[in-house]
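**Q** Taking this note's numbering, the leading residue of the sequence shown gets 596, the next gets one more, and so forth. Ideal Cβ placement from N, Cα and C applies to all residues, glycine included.
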Amino acid sequence: MQAIKDMGFETMTEIQRRGIPPLMAGKDVLGAAKTGSGKTLAFLIPAVEMLSALRFKPRNGTGVIIVSPTRELALQIFGVARELLAHHSQTYGIVIGGANRRAEAEKLAKGVNLLVATPGRLLDHLLNTPGFVYKNLKSLVIDEADRILEVGFEDEMRQIVKILPKDERQTMLFSATQTTKVEDLARISLRPGPILIDVDYRKEHSTVEGLEQGYVICDSDIRFRLLFSFLKKHQKKKVIVFFSSCNSVKFYAELLNYIDLPVLELHGNMKQQARTNRFFEFCNASSGILICTDVAARGLDIPEVHWILQFDPPDDPRDYIHRVGRTARGANGKGRSLMFLLPSEVGFLKLLKEARVPLVEFELPASKILNIQSQLETLIGKNYYLNKSAKDAFRSYLNAYASHSLRSVFDVSKLDLVKLAKSFGFQTPPRVDITLGASLGRDKKTESRRAYGSQPKQGKRPMYQRKIER
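1. How should R697 be labelled, buried or exposed, when 16 other C-beta atoms within 10 angstroms of its C-beta is the threshold for buried?
2. Under the assumption that I897 contacts F877 (Cβ atoms under 8 Å), give the Cβ distance between them as a whole number of angstroms.
3. Helix, strand or coil for V675? Go by DSSP, reduced to three states.
4. Closest to L954 by CA distance: which of M934, S939, P787 and K845 is it?
5. Here's the rule I'm using: 16 or more other beta-carbon atoms within 10 Å means buried, otherwise exposed. How should A848 be labelled?
6. Quick one: what's got a C-beta closer than 6 Å to S932's C-beta in the same chain, skipping five residues either side?
7. In whole angstroms, what is the alpha-carbon distance linking K1014 and D814?
8. Could you tell me the alpha carbon to alpha carbon distance between R1037 and L668, rounded to whole angstroms?
9. As a quick exercise: from L861, Q868 and A869, pick the residue whose alpha carbon is nearest that of D889.
10. Are the CB atoms of L625 and P789 within a distance shorter than 8 Å?
11. Going by CA-CA distance only, name the one from E749, R913 and K730 that's closest to D762.
12. Would you say the region 753 to 770 touches the region 725 to 744, given that touching needs at least three Cβ pairs under 8 Å?
13. Taking contact to mean at least 3 C-beta pairs separated by less than 8 Å, is the region 763 to 780 in contact with the region 740 to 750?
14. By a C-beta neighbour count over all protein chains shown, 10 Å radius and 16 as the cutoff for buried, is H682 buried or exposed?
15. Does the contact criterion of 3 or more C-beta pairs under 8 Å hold for the region 685 to 705 versus the region 651 to 667?
16. Looking at the unbroken alpha helix (DSSP H) that takes in L851, where does it start and where does it end?
17. Taking only three categories from DSSP, how would you classify A712?
18. At which residues does the beta strand (DSSP E) containing F837 begin and terminate?
19. With M767 as the anchor, note down where its beta strand (DSSP E) starts and where it stops.
20. Unbroken beta strand (DSSP E) runs of length 3 or more, entirely within the region 687 to 733: which are they?
21. Here's the rule I'm using: 16 or more other beta-carbon atoms within 10 Å means buried, otherwise exposed. How should R873 be labelled?
22. So, using beta-carbon positions, are Q611 and A627 closer together than 8 Å?
23. Take F989 and list the residues in its own chain whose beta-carbon comes closer than 8 Å to its own, dropping the five residues that flank it on each side.
24. When the Cβ atoms of the region 992 to 1005 are set against those of the region 943 to 952, are three or more pairs found closer than 8 Å?
25. With burial defined as no fewer than 16 other Cβ atoms inside 10 Å of the residue's Cβ, what is the status of S1049: buried or exposed?
26. I need the DSSP call for R931, collapsed to helix, strand or coil.
27. Taking 7 Å as the cut-off, is the beta-carbon of L954 closer than that to any non-hydrogen atom of the ligand GDP?
28. Starting from E807, follow its DSSP beta bridges and name the residues at the other end.
29. For the candidate residues N852, L859 and Y992, whose alpha-carbon lies nearest to that of N879?
30. When you compare each of M767, T766, P714 and T724 to E749 by their alpha carbons, which one comes out closest?
31. Since S984 contacts K845 with CB under 8 Å, what's their CB separation in whole angstroms?
32. Sorted by chain position, which residues of the same chain lie with C-beta nearer than 8 Å to E956's C-beta, five sequence neighbours on each side aside?
33. What's the call for Y853, buried or exposed, on a 16-neighbour Cβ count within 10 Å?
34. Using DSSP with H/G/I as helix, E/B as strand and the rest coil, what is T608?
35. From L936 to Y992, what distance separates their C-alpha atoms?
36. Sort out for me which residues DSSP pairs E899 with in a bridge.
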């Protein structure tokens, strides 16, 4: 209790009120809770109490394993666990891809009572680290199970569940969405008759209550001007901006920092240590701007984010919900979000409405949008490095757009390339190569490459093949 008081928590969220009692009683739990609901404490508090009650010592090995889909989320959970264990003698540790494996193995051999892990690295240690004692495991937590399966860890999770002791193991599985794969994982990992906790089913909206959500419809040639004007006005706030590709994040970070609008960047192509440092730097700041890909969109608990901007569209309504879940977190959290849409993309609003996402259109007067286009084009035209970065970002934007899962709404053929190029600082569209293929789901013909803007051969119109860029 002292640790919880030290962390500043006074009231429980719904998932905590409904989840902690059965977990403290040793029941298996299948929890459906949207992001920002407070489920991290819901599974950590019973886990820590169990270790304390059983008086786990390093020689007993690992009593609790928490599996997380990403390194960032694992670090987040590890940080909360460290605070909860501040007044306990039990040991804790983390094993994640990108970290020093030998150092992890040495720590495991000394005895880690509570372990946070990503699936691939956990399986590696289970199979290849002789000193890893897990025979006394009492509790397995699978957090963001849908996300774990989405990113391709289905086989690893099946192996992990098969290897770990089952007889005295309590299992907690949390997922924001319930899919067939999640149900399959629940079936093999949970004991018969788990407690089902769904904190969303009675809610009118799919997003948290304290979140004010809006959108703005604007042509692509004023998108960056609008973004720049907004960020200039809100420099003293804490803002997260989402982009569709790593190259877009890199370019706009370089550009904004160059023109004296300081921002931090976070994307999947960064080295793990740099990502970790950047993440905690933004967490600890009272104000600032973080521009990122969806690597930061799921599960991460960043304190007191005032605004979420979706500069590039999410892949579907579910990804929209996870993005805006970075703000208005906790029992009484408040926050605002703004999504940029092109006139051709307004069909996405219907899909969000069907997903119970309440949105209002924000009016942004043209007089408030700074007219910096000519200076931007001059800068991109003269600065070799920014020019190259802008071309990479332009190409990646087109690749991401062409591979969008909702092509009926996000149709690459409807993009005005001249206007789009202006949002990257070009007077005319640059000549860039994009990856093409005959089909994304049907017959797989050989990929070809051509400069975007040149005409394909007459006949069947080529489809765009997904390029892994995120």
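**A** Result, derived from the coordinates:
1. Your numbering for residue 697 matches position 102 in the sequence shown. The residue is exposed, with fewer than 16 neighbouring Cβ atoms inside 10 Å.
2. Mapped onto the sequence shown, residue 897 falls at position 302. Mapped onto the sequence shown, residue 877 falls at position 282. Right, the Cβ-Cβ distance comes to about 6 Å (below 8 Å), so this counts as a contact.
3. Residue numbering aside, residue 675 sits at position 80 when the sequence shown is read from its first letter. Helix at V675.
4. By one-based count along the sequence shown, residue 954 stands at place 359. Closest in C-alpha terms to L954, from the list M934, S939, P787 and K845, comes M934.
5. The residue you call residue 848 lines up with position 253 of the sequence shown. Result: buried.
6. In the sequence shown, residue 932 corresponds to position 337, counting from 1. The answer, listed in chain order, is Q808, I903 and V919.
7. Here residue 1014 refers to the residue found at position 419 of the sequence shown. Here residue 814 refers to the residue found at position 219 of the sequence shown. The alpha-carbon atoms of K1014 and D814 are separated by roughly 7 Å.
8. For this step, residue 1037 is matched to residue 442 along the sequence shown. For this step, residue 668 is matched to residue 73 along the sequence shown. Caution is warranted here: a pLDDT of 27 is assigned to R1037, below 50, making its placement in the model unreliable, and no coordinate value can be reported.
9. Start at 1 with the first residue of the sequence shown, and residue 889 comes out as number 294. Considering only alpha carbons, the answer is L861.
10. Walking along the sequence shown from the start, residue 789 turns up at place 194. Walking along the sequence shown from the start, residue 625 turns up at place 30. Contact: yes.
11. By 1-based counting over the sequence shown, the position of residue 762 is 167. Per the Cα distances, K730.
12. Yes: the two stretches touch, three or more of their Cβ pairs being nearer than 8 Å.
13. A contact exists between the region 763 to 780 and the region 740 to 750.
14. Taking the sequence shown and counting its residues from 1, one reaches residue 682 at position 87. H682 comes out exposed.
15. Per the Cβ contact rule, the region 685 to 705 is in contact with the region 651 to 667 (3 or more Cβ pairs under 8 Å).
16. Stepping through the sequence shown from its first residue, residue 851 is reached at position 256. C841 to Y853 is the span of the alpha helix (DSSP H), which, as asked, contains L851.
17. Translated into positions along the sequence shown, residue 712 becomes position 117. In the structure shown, A712 sits in a strand (DSSP, three-state: E or B).
18. Here the question's residue 837 lines up with position 242 in the sequence shown. K833 to F837 is the span of the beta strand (DSSP E), which, as asked, contains F837.
19. Here residue 767 refers to the residue found at position 172 of the sequence shown. Start and end: Q765 to S770.
20. List check, beta strand (DSSP E) in window: 687 to 690 and 709 to 712.
21. By one-based count along the sequence shown, residue 873 stands at place 278. Per the 10 Å Cβ criterion, buried.
22. Here residue 611 refers to the residue found at position 16 of the sequence shown. Here residue 627 refers to the residue found at position 32 of the sequence shown. Taking 8 Å as the Cβ cut-off, Q611 and A627 do not qualify as a contacting pair.
23. Numbered from its first residue, the sequence shown carries residue 989 at position 394. Around F989: L1015, A1016, F1019, F1021, P1024, P1025 and V1027.
24. Yes, since at least three Cβ pairs between the region 992 to 1005 and the region 943 to 952 fall closer than 8 Å, the two stretches touch.
25. Residue mapping note: residue 1049 aligns to position 454 of the sequence shown, counting from 1. In this predicted model, S1049 has a pLDDT of only 36, less than 50, meaning its place in the structure is not dependable enough to derive any value.
26. Locating residue 931 in the sequence shown gives position 336, where the first residue counts as 1. Correct three-state label for R931: strand.
27. The ligand GDP is not among the ligands present in this structure, which contains no ligands whatsoever.
28. Within the sequence shown, residue 807 is the residue found at index 212, counting from 1. Answer is R931, bridged to E807.
29. Working through the sequence shown from its first residue, we reach residue 879 at position 284. Nearest of N852, L859 and Y992 to N879, Cα basis: L859.
30. Counting from 1 along the sequence shown, the entry for residue 749 is found at position 154. Ranked by Cα distance from E749, the first of M767, T766, P714 and T724 is P714.
31. Sequence index remark: in the sequence shown, residue 984 carries index 389 (1-based). Sequence index remark: in the sequence shown, residue 845 carries index 250 (1-based). Rounded, the Cβ-Cβ distance is 6 Å, consistent with contact.
32. In the sequence shown, residue 956 corresponds to position 361, counting from 1. If we look at E956 and ignore the five residues flanking it on each side, its Cβ neighbours are G809, Y810, V811 and I812.
33. The count along the sequence shown starts at 1 and reaches residue 853 at position 258. Burial check for Y853: the Cβ neighbour count within 10 Å stays below 16, so the residue is exposed.
34. For the purposes of this step, residue 608 is identified with residue 13 of the sequence shown, where counting begins at 1. Residue state, collapsed to three classes: coil.
35. Looking up residue 936 in the sequence shown gives position 341. Looking up residue 992 in the sequence shown gives position 397. Approximately 14 Å, taken between the alpha carbons.
36. As a working mapping, residue 899 is identified with position 304 in the sequence shown. Under DSSP, no beta-bridge partner is assigned to E899.
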